[in-house]
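Worksheet: one structure, shown below.
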Amino acid sequence: MLAFVIRRLAQAFFVVVAMVVLVFFGTYVIGDPVWMMVPGDATQEQVEEVRRTFGFDQPVYIQFLTFLGDVLRGEFGRSYVHGSSAIGLIVDRMPATLELALAALILAIVIGIPHGLFAGLKPEHPVSRGIMAVSILGFSLPTFWVGLMLIMLFSVMLGWLPATGRGPVMSILGIETSLFSLEGWRHLFLPALNLALLKISLVIRLTRSGAREASLQDYVKFARAKGLSPRRIIGVHILKNIMIPIVTVLGLEFGSLVAFSVVTETIFAWPGMGKLLLEAIQRLDRPLIVGYVMVVVLLFVTINLIVDILYSALDPRVRLTGSQS
Amino acid sequence: MSATTSNPAPAQGEFARFAARFAEDRVAVFGLVLLFVIVAMALLAPFISPQNPYDLGKVDIMDSRQPPGAKAGDGFDMLLGSDGMGRDLFSSILYGLRISLTVGVLSGVIAATLGLVLGLIAAYAGGRIETLIMRVVDLQLSLPSVLVALILVALLGKGIDKIILALVVVQWAYYARTVRGSALVERRKEYVEAARSLGLSHARTVFRHILPNCLAPVIVIATVQTAHAISLEATLSFLGVGLPQTEPSLGVLIANGFQYMLSGKYWISFFPGLALLLTIVAINLVGDRLRDVLNPRLEK
Chain A
1288 MLAFVIRRLA QAFFVVVAMV VLVFFGTYVI GDPVWMMVPG DATQEQVEEV RRTFGFDQPV
1348 YIQFLTFLGD VLRGEFGRSY VHGSSAIGLI VDRMPATLEL ALAALILAIV IGIPHGLFAG
1408 LKPEHPVSRG IMAVSILGFS LPTFWVGLML IMLFSVMLGW LPATGRGPVM SILGIETSLF
1468 SLEGWRHLFL PALNLALLKI SLVIRLTRSG AREASLQDYV KFARAKGLSP RRIIGVHILK
1528 NIMIPIVTVL GLEFGSLVAF SVVTETIFAW PGMGKLLLEA IQRLDRPLIV GYVMVVVLLF
1588 VTINLIVDIL YSALDPRVRL TGSQS
Chain L
40 MSATTSNPAP AQGEFARFAA RFAEDRVAVF GLVLLFVIVA MALLAPFISP QNPYDLGKVD
100 IMDSRQPPGA KAGDGFDMLL GSDGMGRDLF SSILYGLRIS LTVGVLSGVI AATLGLVLGL
160 IAAYAGGRIE TLIMRVVDLQ LSLPSVLVAL ILVALLGKGI DKIILALVVV QWAYYARTVR
220 GSALVERRKE YVEAARSLGL SHARTVFRHI LPNCLAPVIV IATVQTAHAI SLEATLSFLG
280 VGLPQTEPSL GVLIANGFQY MLSGKYWISF FPGLALLLTI VAINLVGDRL RDVLNPRLEK
């Protein structure tokens, strides 16, 4: 177990190093940042001065070492547009994004598991076929377009829910959240549903195939023969066994929810870090873009690491096949 | 593949058998027909659209934001309404489909070629080269495609060539992983040994003998990935970092309608999105069926 954890940690470390190198050369090779910082009518002397001030006149390896030092200190410079620390801006916006991603994850579980169970236990039932058709549609629907249609239907036509913004936030233990007011929930629902859509389809499919397999297993037959109620068989015996893969996949998918929130946050004007990234891209605000990429990579690597280690703790087979290869 | 021995033209017989198996699923046939219609409409756009939406002489600003069914100044019916610039939406969608499909297919073909070559090399060469290629694949697949593409176009800038490059980068790893998987199985088979002992070169063994036997899963991946690429391009264009206004794909059209959304003019975003959805559903239906038909484990 310890060897597995150490090997996994080393892997994670190399991924982070590779990303740091990629990000540096990606931003270094493509485009000269000086031109984004000086006004269009700047003289040659002014351009050179900006270049010197920001250290862009140094050789590549010096710039890279400076960048590496910055990354280690968690410092990516000041945002060109906002003028304040890039990492500070990102951290400020992070709770909103995490709140949205978490809400989407919960929606995916709450909606996905019951429907998937039904479709798995009664595969021939017409309702099951309907559920599966909807889940295929869920994979095909372009997320951003569904977001627009949700706004159209629930905000413009029906007027039930607000279309933009986060609503009132409260500070709980230093973290701003909108989870403690009805108005906050009303603002959260549509973006969370939009973000959850793909994951709902995913959970339905996972649960369905899991339930179909599990219901044929001997322990289920035995439980039935023992005369246990169907409710207990499904709730305890089947559900418990299909939860491991579902929890694993959802853990890994949490990172992709954070990434996809760029789209959802833009549509619903949700003030998270995804919206911040898009604004940074449109204004070529390099410190913010680099900061966001590094934060998300770190988030991803951490999630993958935790899920892998947890999974190998739950299922020793993973560990063994891993050490053979 | 031995069922066709009595047939004088085995290649043809195989295809007929394949087509017959494909046609067993009505929904998949519907998807295929839908896909043909969509592609045909995109190809024939200049002939069947009532207006060339990018000919400034034909477009009248007085026609802007008309609801579906309204009559244009030129006299034709605007079946799906018009957008903020007075362009007939039905025509814009046909022209937009051409761009969306081109980007999706072109990026798919390039990514498939790249992935095929790298996957085959990894499987055949083994050792350090394999480890290196597969590490890069793992790294690529561990990051969500929307984020990678977003960052890439942010660094590269707008334009059809740049977005194709970004889409290739996010897709090639899927092909490489799949091809390596099947090539690893194939290279242990006897016909490879036979080819080598006949004195054929490595390149010939790989590309003429191993490659044809690895193509079935690639075709399945190609359908799914092309649908994904079309959707991703639309997403990026909608976010304003994909194609410019001069290359109005479906995503650009949807983005243009966004500002009219809150005033209830739904059709400017709705219909291009519907066209996008139908395209993706059609490709996915065909891909799903291909996976079933081409899967050797399900045969007999």
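Those protein sequences? They're chains A and L, same order as listed. Mapping of the first sequence onto the numbering used here: position 255 corresponds to residue 1542, and the numbering continues sequentially without gaps. Mapping of the second sequence onto the numbering used here: position 231 corresponds to residue 270, and the numbering continues sequentially without gaps. Glycine residues also receive a C-beta, built at the ideal position from the N, C-alpha and C atoms. Quantities reported herein were computed from a predicted structural model and do not represent experimental measurements.
Note down, in chain order, each residue of its chain lying with its Cβ closer than 7 Å to the Cβ of residue i, except the 5 sequence neighbours on either side.
i	result
GLY1422(A)	It is Ser, not Gly, that sits at residue 1422(A) in the sequence shown. These residues qualify, in order along the chain: SER1488, ILE1491 and ARG1492.
ALA1383(A)	ARG1453, TRP1557, PRO1558 and GLY1559
ALA1479(A)	LEU1387, ALA1390, ALA1391 and LEU1394
ILE322(L)	LEU74, THR262, THR265 and ALA266
VAL1549(A)	GLY1561, LEU1564 and LEU1565
LEU191(L)	ALA205 and VAL208
ALA71(L)	Sequence inspection shows Leu at residue 71(L); the Ala mentioned does not correspond to that position. Cβ neighbours of LEU71(L) beyond the five flanking positions: VAL325.
What residues of chain A sit near residue i, judged by a beta carbon separation below 7 Å?
i	result
TYR93(L)	Here the premise fails: no neighbours, minimum Cβ distance about 23 Å.
SER270(L)	PRO1429
TYR305(L)	MET1439
LEU178(L)	VAL1302 and ALA1305
Identify, in the order they occur along the chain, each residue of the same chain with its Cβ nearer than 8 Å to the Cβ of residue i, setting aside the five sequence neighbours on each side.
i	result
THR44(L)	With a pLDDT of 43 at THR44(L), under the threshold of 50, the modelled position of that residue is not reliable, and the figure given next carries that caveat. Here the set comprises nothing.
LEU1592(A)	ARG1295, LEU1296 and ALA1299
LEU271(L)	SER184, VAL185, ALA188, LEU206 and VAL209
TRP297(L)	Before going further, note that residue 297(L) is Phe rather than Trp in the sequence given. Contacts found: PHE277 and SER308.
ILE168(L)	ILE160 and ALA161
Residues of chain A with CB closer than 8 Å to the CB of residue i, please, in chain order.
i	result
MET300(L)	LEU1435, ILE1438, MET1439 and VAL1443
GLY312(L)	PRO1429, TRP1432, LEU1435 and MET1436
ASN252(L)	Result: empty, since nearest Cβ-Cβ is about 24 Å, beyond 8 Å.
Flag this pair as yes or no: are the beta carbons of residue i and residue j separated by less than 9 Å?
i	j	result
TYR213(L)	LEU180(L)	yes
PHE309(L)	MET1439(A)	yes
ILE1525(A)	SER1502(A)	yes
ARG1570(A)	VAL1337(A)	no
CYS253(L)	GLY158(L)	yes
TYR12(L)	VAL1443(A)	Because chain L spans 40 through 339 in this model, residue 12(L) falls outside it and cannot be assessed.
GLU1335(A)	ASP1328(A)	no
ILE1590(A)	PHE1541(A)	yes
ALA215(L)	ILE172(L)	yes
LEU128(L)	LEU292(L)	yes
PRO1532(A)	ARG1365(A)	no
ILE1576(A)	THR1314(A)	yes
LEU315(L)	TRP1447(A)	no
THR1494(A)	ILE1400(A)	yes
VAL332(L)	PHE57(L)	yes
Leaving out five residues on either side along the sequence, give the residues of the same chain with a beta carbon under 6 Å from the beta carbon of residue i.
i	result
GLN1611(A)	At GLN1611(A) the pLDDT is 43, less than 50, meaning the model places this residue with poor confidence and gives no usable figure here.
VAL187(L)	VAL209
VAL1307(A)	VAL1358
MET40(L)	Since pLDDT at MET40(L) reaches only 42, below the 50 mark, its modelled position is unreliable, and no value is offered.
ILE1418(A)	HIS1402 and ALA1406
GLY1538(A)	VAL1594
SER1415(A)	ALA1406 and LYS1409
Based on Cα-Cα distance, which residue from the options lies nearest to residue i?
i	options	result
LEU282(L)	ILE203(L), VAL257(L) and ARG167(L)	ILE203(L)
PRO311(L)	SER302(L), ILE322(L), ILE190(L) and ASN295(L)	ASN295(L)
LEU278(L)	THR1353(A), PHE1541(A), ALA1567(A) and ILE1529(A)	ALA1567(A)
LEU153(L)	THR217(L), VAL291(L) and ASP122(L)	THR217(L)
THR1430(A)	GLN1350(A), GLY1561(A) and LEU1482(A)	LEU1482(A)
ARG1518(A)	VAL1583(A), LEU1408(A) and VAL1304(A)	LEU1408(A)
THR1451(A)	TRP1432(A), ARG1473(A) and LEU1469(A)	ARG1473(A)
GLY1375(A)	LEU1424(A), PHE1312(A), PHE1587(A) and TYR1579(A)	TYR1579(A)
THR274(L)	LEU289(L), ARG56(L), THR285(L) and LYS228(L)	LEU289(L)
LEU1475(A)	GLN1333(A), ILE1529(A) and GLU1552(A)	GLU1552(A)
THR141(L)	LEU301(L), GLU286(L) and VAL76(L)	GLU286(L)
GLY198(L)	SER139(L), SER121(L) and ALA59(L)	SER139(L)
PHE1311(A)	LEU1385(A), LEU1484(A) and PHE1363(A)	PHE1363(A)
ILE249(L)	ARG226(L), MET300(L) and ILE260(L)	ARG226(L)
ARG219(L)	ARG56(L), ALA255(L) and LEU82(L)	ALA255(L)
Can you list the residues of chain L that residue i reaches, using a CB-CB cut of under 7 Å?
i	result
LEU1428(A)	LEU316
GLY1446(A)	Here the premise fails: no neighbours, minimum Cβ distance about 11 Å.
SER1543(A)	PRO183
ASN1591(A)	SER181
VAL1421(A)	Per Cβ cutoff of 7 Å: no residues; VAL1421(A) is ~12 Å from chain L at best.
Please tell me whether, using a cut-off of 8 Å, the distance from the CB of residue i to the nearest non-hydrogen atom of the ligand MG is below it.
i	result
PHE1363(A)	Questions concerning the ligand MG fall outside what the structure shown contains, since it holds no ligand whatsoever.
Taking C-beta pairs closer than 8 Å, name the residues in chain L that residue i reaches, listed in chain order.
i	result
PHE1351(A)	The contacting residues do not exist; PHE1351(A) stays about 17 Å from chain L at best.
ALA1450(A)	LEU301
THR1553(A)	LEU278
For residue i, go through chain L and note every residue whose CB falls closer than 9 Å to its CB, in chain order.
i	result
GLY1313(A)	ILE190, LEU191 and LEU194
PHE1547(A)	PRO183, VAL185 and LEU186
Using a beta-carbon distance below 9 Å, is residue i in contact with chain C?
i	result
THR1384(A)	Any reference to chain C falls outside this structure, whose protein chains are A and L.
Practice item. Below 9 Å between beta carbons is the criterion; list the residues of the region 1565-1589 of chain A that meet it against any residue of chain L, in chain order. Key: So the close ones are LEU1565, ALA1567, ILE1568, GLN1569, LEU1571, ILE1576, TYR1579, VAL1580, VAL1583, VAL1584, PHE1587 and VAL1588.
Exercise for review: Compile a chain-ordered list of the residues in the region 273-300 of chain L whose CB is closer than 7 Å to at least one CB of chain A.
Suggested key: Contact annotation: in the region 273-300 of chain L, residues whose CB is within less than 7 Å of a CB in chain A are ALA273, THR274, PHE277, LEU278, GLY279, VAL280, ILE293, PHE297 and MET300.
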